[in-house]
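This report refers to the structure that appears directly beneath it.
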C-alpha cells in the first residue's frame, strides 16, 4: 500500500523553458540508470530477501526513488511547459515533440524507451545487493555528468540533492550486504543461495 | 562486526556521529556530515545568481511548506539509517523528536491551507464535522513549481 503526500520531497521551481536541458534530464526518469528503474529494481527484489531488515530497507529506498522520479518529472515538465514548436525544433527536441508533444514519457536522453531490461531481480541476495551498489554509482555518475553540463542554479539545485541521495543509498545497501553476510557460512559465502536455500541461513 | 571476506564486496558500517540541522541537511541532501561528499563541478560550474530556494520565501504558505519539507526529509534520512542500525539509541531519540514535529506541522498546515495526506483530511473533518468542503483538491499541484 502506498499513501500519496501532496508535495515534492525537494522543491522544483524552474522559471525558464529549455527543451534541450529537459532532453538530458529525462534520462533520470526513463533511462538505464534512472529513478524509475531504481524504484522498480528495489521494489521487485524485496519480496524474497532472506533478511527482514533488508526487505524493509529496499521498501523504503524503493519508495524514496518514486519521490525522486516525481522530482525529475516535475523538472522535465517545468522545462517544457511553455514550449513552442519552433523552440522544440531549434533545441533538437522535435523528435520527442512529434511522439509526445509536451507530455511526460519515460525515455533515456538517447530516446531509448524505459525498459525492465535495465535492471535485475536475480533471486540471490548477494547478487541483488551488489547490483544495487552498482546502480547507485551509475546514477551518481549520471548526476555528475548533468552537473558538468548544466549551469543554471535553478536546475542544478535539485540535481545536487538527488546526487547526494545516491551516496547515502550506496552506504545503506553496503550495510545491508554486511548484515546478509553475517548470516552466511563464514568460510564460504557462496556455499548456498541465501534466498533459495533459506533454511541454511544462520538464525542470528 | 563481520570479518573480511575475499571475493565479496564490503562497505564499512557507518557510526553515529551527529547530524546537520534540518535546514542544512535538506540543502545538502543528507543529514550526515560523514556522507556529505559533493562533486567538484557542483561547486565550480554554477552561474552566479541565487536560486530563491535557499533564502526564506516571503510567502507565508511557502515558508511553512519549506519547514515541512525539511523536517520530513530529516525523518526520511533517519529512517534509512535506522533500517540498518535499529539499535542506535541516539537515532531513535532523534526520530521520535522529528516525527512529533512533523505530525503537528502537517496538521497545522492542513488547518491553515489544505491537507497533504488523507490523514490530514481526517484531522480537518474531526475539527469541523459539518464541513462541506472536499478539501483534497485544494492547493497547487506539487509539480507546478509552487510547492516550495
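Residue numbers (this note's numbering), protein chains in the order written: chain A, 7 to 210; chain B, 5 to 152.
Beta carbons are placed, not taken as given, at the ideal position from N, Cα and C, and that holds for glycine.
Relative to the C-alpha of residue 140 of chain A, which residue among A:175, A:152 and A:111 is closest?
A:175
Under three-state DSSP, which class holds residue 159 of chain A?
helix
Against chain B: residues of the segment 69 to 101 of chain A by CB proximity under 8 Å:
70, 76, 79, 80, 83 and 84
Sort A:166, A:50, A:69 and A:198 by Cα distance to residue 31 of chain A and report the nearest one.
A:166
Could you compute how far the alpha carbon of residue 23 of chain A sits from the alpha carbon of residue 63 of chain B?
24 Å
Checking contacts by CB at 9 Å: is residue 75 of chain B closer than that to chain A?
no
Output yes or no for whether 9 Å exceeds the beta carbon distance between residue 189 of chain A and residue 209 of chain A.
yes
Give a yes or no on whether the minimum CB-CB distance between residue 66 of chain A and chain B is below 9 Å.
yes
Exposed or buried, which one is residue 67 of chain A when buried takes at least 16 other CB atoms within 10 Å?
buried
Helix or strand or just coil, what does DSSP make of residue 18 of chain B?
coil
Assigned exposure category for residue 145 of chain B - 16 Cβ within 10 Å defines buried
exposed
Taking the alpha-carbon of residue 207 of chain A as reference, which of A:91, A:131, A:154 and A:147 has the nearest alpha-carbon?
A:131
Is residue 127 of chain B close to chain A? Criterion is C-beta to C-beta, closer than 9 Å.
no
Using a Cβ cut-off of 8 Å, which residues of the segment 11 to 45 of chain B contact any Cβ in chain A, in chain order?
11, 12, 13, 14, 15, 16, 17, 18, 30, 31, 32, 33, 34, 36, 39, 40, 41, 42, 43 and 45
Helix, strand or coil for residue 144 of chain B? Go by DSSP, reduced to three states.
coil
Could you tell me which residues DSSP pairs with residue 113 of chain A in its beta bridges?
A:119
Specify the secondary structure class of residue 16 of chain A as computed by DSSP and reduced to three states.
coil
Looking at the secondary structure, which residues open and close the alpha helix (DSSP H) in which residue 97 of chain A lies?
That residue, residue 97 of chain A, is in no alpha helix (DSSP H); it is neither H nor E in DSSP.
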